[in-house]
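Residue numbers (this note's numbering): 336 to 625. Here a beta-carbon is modelled for each residue, glycine too, at the ideal position from N, C-alpha and C.
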Amino acid sequence: MCGVAGFVARVDEANGRSILTSMAKVLRHRGPDSSGVYAEKIDEERLLGLSHTLLSIIGKPGEGQQPFLVPGGALVFNGAIYNFKELSQDLQKTGITPQTGTDTEILAHGLAQKGIDFLRDVRGMFAFAFWDTKRKILTLGRDPLGVKPLYYANLSQGICFASEYKVLLPYLSKVSIDDGAVNDYLRLRYVPGPATLVKEIRKVPPGSVLQFDPKTNKKTTLNYYHLNRRRNLVNKKDLFITIQRAVGRRAVADVEVASLLSGGIDSSLASDILQKSIKALHTYTLSMDD
């Protein structure tokens, strides 16, 4: 779990970097290993800023530092790309030579080279912000199921975003409660997107990207993922192979892998599969006194 935040706003570079640092401090609990910021002047009045806090899972120490810069773009990213090694091989065929062993670099190169079309080949859970340094367009994106959160709010001639919307509250000129969202929360125990409890803050939809063009101040939401609702019946053997493959993909890490046992069928099955490939699998169960 990492933290991402940033903005396109009317602010000078010194104050902008100070704001980015403050954003990172609020998200420190999401990424205790390191933090970083990136700022680029867009025009005479506005600045592009990216902020990140890192929890290192994949790659050697220091390799996953973000914001991550590649020719054509700058990336802040929260999550994991399960098939990044396969995607790395595809990128190498186009002449790109990755310099690290991280999924962050692969996502950055892929977005710089192919844009949002690259996301159709990505398997993972993620939320990211990518600044296209050539086209001068900011892209915010979320994984197909919306596992990783990403919030945004409008600014005067700009936009701000973060992994948690409490990061955005100090920078809004107005904050008001969305009564409809409160009603949904009380009925459903969650707030359906894109709404949040705050009217001025919205969620980037799952399986989508939101692009902001500072030249026109226009926001565009594009879907890159569409759920296939057709039911393909499979036998038990094929189903188990599919589950094994899915669990195996999620166990790729350069740190120790553990399992949280809830007592249900899914976590028990995942743990059983993991212990066949991990010699000493640590498992955890949480309980409450009441």
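DSSP-derived helix/strand/coil call for residue i
{"i": "I600", "result": "helix"}
{"i": "D456", "result": "helix"}
{"i": "H561", "result": "coil"}
{"i": "R365", "result": "helix"}
{"i": "S543", "result": "strand"}
{"i": "Y525", "result": "coil"}
{"i": "N570", "result": "coil"}
{"i": "E440", "result": "helix"}
{"i": "V582", "result": "helix"}
{"i": "S594", "result": "strand"}
{"i": "E499", "result": "coil"}
{"i": "G493", "result": "strand"}
{"i": "V517", "result": "helix"}
{"i": "S622", "result": "coil"}
{"i": "A447", "result": "helix"}
{"i": "T556", "result": "strand"}
{"i": "E379", "result": "coil"}
Straight-line gap, residue i to residue j (C-alpha atoms, nearest Å)
{"i": "L504", "j": "D601", "result": "37 Å"}
{"i": "L389", "j": "V533", "result": "27 Å"}
{"i": "G445", "j": "T577", "result": "26 Å"}
{"i": "D519", "j": "K501", "result": "20 Å"}
{"i": "T435", "j": "M623", "result": "42 Å"}
{"i": "D456", "j": "N563", "result": "15 Å"}
{"i": "V405", "j": "P484", "result": "24 Å"}
{"i": "K420", "j": "P402", "result": "21 Å"}
{"i": "E348", "j": "L475", "result": "22 Å"}
{"i": "L523", "j": "R537", "result": "18 Å"}
{"i": "R584", "j": "G351", "result": "39 Å"}
{"i": "E499", "j": "G341", "result": "12 Å"}
{"i": "N599", "j": "L621", "result": "The question names Asn, but residue 599 is Gly in the sequence shown. Their Cα atoms are separated by approximately 13 Å."}
{"i": "I512", "j": "T429", "result": "49 Å"}
{"i": "D425", "j": "L490", "result": "39 Å"}
{"i": "L521", "j": "D514", "result": "11 Å"}
{"i": "L362", "j": "K571", "result": "43 Å"}
Own chain, CB closer than 7 Å to residue i, minus 5 neighbours either side, in chain order
{"i": "R381", "result": "V343, A344, R345, Q492, G493, P549"}
{"i": "A443", "result": "F403, V405, G408, L410"}
{"i": "H561", "result": "none"}
{"i": "V510", "result": "L504, V533, E535"}
{"i": "A516", "result": "V526, A530, T531, L532"}
Cβ pair residue i, residue j closer than 8 Å
{"i": "C337", "j": "N413", "result": "yes"}
{"i": "S298", "j": "Q400", "result": "No answer is possible for residue 298: the residues shown for the chain start at 336 and end at 625."}
{"i": "V592", "j": "I613", "result": "yes"}
{"i": "G640", "j": "I431", "result": "Absent from the model: residue 640. The displayed extent of the chain is 336 to 625, so no value can be given."}
{"i": "A488", "j": "V339", "result": "no"}
{"i": "A464", "j": "V411", "result": "yes"}
{"i": "K553", "j": "L545", "result": "no"}
{"i": "G542", "j": "P479", "result": "yes"}
{"i": "G459", "j": "Y525", "result": "no"}
{"i": "L609", "j": "V582", "result": "yes"}
{"i": "Y486", "j": "T551", "result": "no"}
{"i": "D438", "j": "A415", "result": "yes"}
{"i": "I441", "j": "L454", "result": "no"}
{"i": "V539", "j": "R477", "result": "yes"}
{"i": "V372", "j": "S386", "result": "yes"}
{"i": "E535", "j": "L574", "result": "no"}
Residues of its chain near residue i, where Cβ-Cβ distance is below 8 Å and the 5 sequence neighbours each way are ignored
{"i": "G407", "result": "A447, Q448, D467, T468, K469"}
{"i": "T618", "result": "A593, S594, L595, L596, S606"}
{"i": "Q427", "result": "P433"}
{"i": "S603", "result": "L596"}
{"i": "A586", "result": "V592, L609, S612, I613"}
Close beta carbons around residue i, own chain, < 6 Å, minus the five adjacent residues each side
{"i": "I451", "result": "V544, Y559"}
{"i": "I472", "result": "Q546, D548"}
{"i": "G481", "result": "P541"}
{"i": "G366", "result": "C337, G338, T388, L389, L390"}
{"i": "L557", "result": "V544"}
{"i": "R580", "result": "none"}
{"i": "E375", "result": "L383"}
{"i": "F461", "result": "G414, D478, K483"}
In chain order, each alpha helix (DSSP H) run of at least 4 residues that lies wholly inside the stretch 384-429: 419-427
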